[in-house]
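The structure under discussion appears below in the form of structure tokens.
Numbering (the numbering used here), first residue to last: 472 to 695.
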């Protein structure tokens, strides 16, 4: 069985909202569909760890990808500090940090609980390894990079820098939008709640569109 995270979205209610918006917007159907697809992919990326829905917000209450990056790097540092104890070279007992780290990771990539005594490693090795692991932050979200490219949205550099595997099938007809996305990062399917986050992303864009319709149509809106 594939470990890829494959999600096919039910867009029937969203497409109904689109059909109403087509009749009220000054843009062409194609322009509206491409814009909505772009906004949807952006929402999906912002729902993927280390992003946390409802968190990573700045002083204005808006989502901050920079804060999400820092949160991801903080999780990496916290994990490694639980696993390793940096010491002088002469006191180090272990040198293969990669092997030790992989041995103690759960399916989500995080260090397991109850690891016992910390591993004494050379401080220089620890500092280098910590940096290398912080540089990996964003690899999971980068599984959506292909989808982002399809609609001209550029994810933050800390995400777009990764060449993570993934694909997107987006079908745009004259009046509807169908999206099927795959995140093929090896540990994507092990991320608890990730699929539900993706569905929340669609619901968020659906609510935004319906809000626009209500604002434009007032009492004539078919949505209540």
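Heads up, the beta-carbon is just placed ideally off N, CA and C, and yes, glycines get one too.
Residue i vs residue j beta-carbon contact at 9 Å
i: residue 571; j: residue 554; result: yes
i: residue 633; j: residue 616; result: yes
i: residue 593; j: residue 628; result: no
i: residue 612; j: residue 630; result: yes
i: residue 663; j: residue 576; result: no
i: residue 623; j: residue 637; result: no
i: residue 621; j: residue 507; result: no
Environment of residue i [buried if 16+ CB atoms lie within 10 Å]
i: residue 512; result: buried
i: residue 490; result: exposed
i: residue 499; result: exposed
i: residue 501; result: exposed
Cβ neighbours of residue i in the same chain (closer than 6 Å, five flanking residues each side left out)
i: residue 600; result: 568
i: residue 488; result: 680 and 681
i: residue 691; result: none
i: residue 536; result: 627
Residue from the options whose Cα sits closest to the Cα of residue i
i: residue 545; options: 604, 579, 578 and 510; result: 604
i: residue 560; options: 602, 616 and 598; result: 598
i: residue 665; options: 542, 676, 523 and 692; result: 523
i: residue 672; options: 519, 552 and 579; result: 519
i: residue 480; options: 674, 630 and 539; result: 674
i: residue 586; options: 550, 695, 509 and 517; result: 550
i: residue 668; options: 507, 596, 517 and 506; result: 517
Contacts around residue i, its chain only, beta-carbon distance under 7 Å, and the 5 residues preceding and following it disregarded
i: residue 610; result: 633, 635 and 656
Sequence-distant residues of the same chain with beta carbon closer than 8 Å to residue i, five excluded per side
i: residue 495; result: 684, 687 and 688
i: residue 608; result: 521, 540, 543, 544, 547 and 629
Residue-level contact to chain D via CB, residue i, 9 Å cutoff
i: residue 552; result: The chain labelled as chain D is not found in the depicted structure, where only one protein chain is given.
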